[in-house]
Amino acid sequence: MRLDTNVTAKERPIYTVLDDPGLAAGNEIIVTIFDWQGRAPVRATLGWMAHARKEAEVGPDESDEVEVGLALARARQLQQRYGFQRIVIVLEHEDLWDPAWGELVRR
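With the working numbering, the residue at position 61 of the sequence shown is 55, and numbering never jumps.
In structure tokens, the structure reads:
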């Protein structure tokens, strides 16, 4: 299945940025964006802790490294499918964020 990684101004998502992934709640998807301190292209992983929802329990998982737009699109899809409360962002360093991906707010 192909995911739409384009974000229009109308649907511009708002993400919460965390300084420490350990601060994420159990029902949040964590997208970690990094470039190995400038030694690699900007990539992302997404992961989550186990959490319960009405229909079933969702186990913990973490993805392989992918392009950031794809990671964010996948996170939005998983949020809808499994009822995660929100998507949170962890940045290796602040200048990695591209405003085209959406808006960041601090918790």
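Every residue, glycine too, gets a C-beta built ideally from N, C-alpha and C. In this text the structure is predicted, and so the values were computed from the model without any measurement.
Determine the DSSP secondary structure at D89, reduced to helix, strand or coil.
Here residue 89 is taken as the residue at index 95 of the sequence shown, counted from 1. In the three-state DSSP reduction, D89 falls in the helix class (H, G or I).
Does the segment 10 to 17 touch the segment 29 to 40, meaning 3 or more C-beta pairs lie closer than 8 Å?
Here the segment 29 to 40 makes no contact with the segment 10 to 17; the two share fewer than three CB pairs at distances below 8 Å.
Going straight from the alpha carbon of Y9 to that of E22, what length do you get?
Residue mapping note: residue 9 aligns to position 15 of the sequence shown, counting from 1. Residue mapping note: residue 22 aligns to position 28 of the sequence shown, counting from 1. Separation of Y9 and E22 (C-alpha to C-alpha, rounded to the nearest whole angstrom) is 11 Å.
Find out if the Cβ-Cβ distance for the pair Q73, I81 is shorter than 8 Å.
Taking the sequence shown and counting its residues from 1, one reaches residue 73 at position 79. Taking the sequence shown and counting its residues from 1, one reaches residue 81 at position 87. Result yes, Cβ atoms of Q73 and I81 sit closer than 8 Å.
Where the alpha helix (DSSP H) through L17 begins and ends:
Along the sequence shown, read from residue 1 onward, the residue named residue 17 stands at position 23. First-last for L17: undefined, no H or E at that position.
Over the uninterrupted alpha helix (DSSP H) stretch that includes A44, give me the two end residues.
Here residue 44 corresponds to residue number 50 of the sequence shown, with the count starting at 1. Following the DSSP letters along the chain, one finds A44 in no alpha helix (DSSP H), marked with neither H nor E.
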